[in-house]
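Asks: Residue numbers for the sequence shown follow our numbering, beginning at 885 and rising by one.
Ideal Cβ placement from N, Cα and C applies to all residues, glycine included.
Everything numeric in this text was worked out from a predicted model, so none of it was measured.
Quick one: this structure, given as structure tokens, is what I'll be asking you about.
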Amino acid sequence: MGDDDPVRFGAEFGPESISGTTKGVGLATFKRLVWISNIGGLLLMVIALEMAIVYKMFWWALATGIAGILVALFPSNYEITGMDAPPDLADVDSTD
């Protein structure tokens with residue numbers, strides 16, 4: 885029916901990218917990207933609301949609001965690396 889390994893949205897940024905050139909990002913980098921993009925998206929939404937209410941520029945406000953949503957959703961394309969499987973630990977019951 886379907887492929888065993890379908891191409892997903894944002895596959896270019898993951899560890900198994902289409903081109904094989906990208907490796908994904910670590911958890912700390914991903915968290916930083918999320919915070920920065922959320923603050924940037926929120927700032928663009930505030931500007932869009934001000935443009936719509938104060939300056940009566942509806943179409944520019946709509947474009948700015950859509951840009952804010954796109955900025956806020958940007959990190960969702962990234963794959964977090966290093967969370968696939970736990971590392972192999974040494975046996976605790978080994979004898980010396």
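In or out: residue 967 buried (at least 16 other Cβ within 10 Å) or exposed?
Replies: Position 83 of the sequence shown, counted from the start, is the residue given in the question as residue 967. So residue 967 ends up on the exposed side.
Asks: Taking the C-alpha atoms as reference points, what is the distance between residue 920 and residue 946?
Replies: Position 36 of the sequence shown, counting from 1, holds the residue named residue 920. Position 62 of the sequence shown, counting from 1, holds the residue named residue 946. Roughly 22 Å between the two C-alpha positions.
Asks: Based on DSSP bridge pairs, tell me the residues matched to residue 920.
Replies: As a working note, residue 920 is residue 36 in the sequence shown. Residue 920 pairs with nothing; no bridge assigned.
Asks: Specify, as a first and last residue, the run of the alpha helix (DSSP H) that residue 964 falls within.
Replies: By one-based count along the sequence shown, residue 964 stands at place 80. Segment: none, residue 964 is in no alpha helix (DSSP H) and carries neither H nor E.
Asks: Run the CB neighbour count on residue 910, radius 10 Å, all protein chains shown included, and call it buried at 16 or more, exposed below.
Replies: By one-based count along the sequence shown, residue 910 stands at place 26. By the neighbour-count rule (16 or more Cβ atoms within 10 Å), residue 910 is not buried but exposed.
Asks: Please go through the same chain and pick out, in chain order, the residues whose beta-carbon is closer than 7 Å to the beta-carbon of residue 965, but skip the five residues on each side of it.
Replies: For this step, residue 965 is matched to residue 81 along the sequence shown. Only residues of its own chain outside the window of five on either side were considered, and among them 899, 907, 908, 909, 910 have a CB closer than 7 Å to the CB of residue 965, listed in chain order.
Asks: Below 8 Å CB to CB, which residues in the same chain sit around residue 914 once its five sequence neighbours on both sides are set aside?
Replies: Within the sequence shown, numbered from 1, the residue matching residue 914 stands at position 30. Within the same chain, residue 914 has close Cβ partners 959, 962, 964.
Asks: Just how far apart, CA to CA, sit residue 943 and residue 922?
Replies: Looking up residue 943 in the sequence shown gives position 59. Looking up residue 922 in the sequence shown gives position 38. For residue 943 and residue 922, the distance between alpha carbons rounds to 23 Å.
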